[in-house]
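A short write-up of the structure that comes next.
In this note's numbering, the protein residues as written are 13 to 165.
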């Protein structure tokens with residue numbers, strides 16, 4: 013192999029690089045000192061148990077609202093599940109099953125299949141095909157419910 017002759021400016025750059033690398037680390041690069049952070053005032057907290065003070069002193073203060081009791085529709089219920097006491101928390105990493113989709117799926121499938129069974133003696137009429145779509149829509153809702161339950165968060 014033959015060595016290529018580098019231009020003079022490239023050799024000067026390499027010489028400068030070698031000189032920089034040969035210097036001790038303390039003198040090669042010293043980080044600039046960070047300016048001190050400004051002091052932040054603590055944010056005022058809102059105490060919901062105290063009555064709200066009106067802006068106008070002539071107006072009477074409104075009493076604080078009582079806490080909602082734990083129940084199936086209160087997300088602050090026992091365990092933080094929003095369910096009744098003793099309800100297990102959903103598995104971490106998996107969303108809860110969408111019960112509404114499952115209910116609609118079961119209703120549509122039952123109505124569709126029931127109407128199909130009632131119209132079987134009539135033969136293949138347009139009504140028979142139309143009510144069969146209830147069952148298909150129910151299956152679509154069922155697939156959506158399963159896909160929603162298995163969706164990764």
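Don't be surprised by glycine CBs; every beta carbon is placed ideally from N, CA and C.
7 Å CB neighbourhood of residue i in its chain, flanking five on each side removed
i: residue 40; result: Its pLDDT being 49, under 50, residue 40 is placed unreliably by the model, and the measurement read from it follows with that caveat. The answer, listed in chain order, is 32.
i: residue 36; result: none
i: residue 21; result: none
Sub-9 Å separation of residue i and residue j beta-carbons
i: residue 143; j: residue 115; result: no
i: residue 117; j: residue 145; result: no
Residue i versus the options, residue with shortest Cα-Cα distance
i: residue 121; options: 111, 150 and 51; result: 150
i: residue 125; options: 133, 135 and 147; result: 147
i: residue 152; options: 21, 119, 129 and 24; result: 119
Cβ shell of residue i (< 6 Å), same chain only, five flanking positions each side left out
i: residue 140; result: 131
i: residue 127; result: 143
i: residue 156; result: 113
i: residue 28; result: none
i: residue 133; result: none
Other residues of its chain near residue i: CB distance less than 8 Å, five sequence neighbours each side excluded
i: residue 137; result: 131
i: residue 34; result: none
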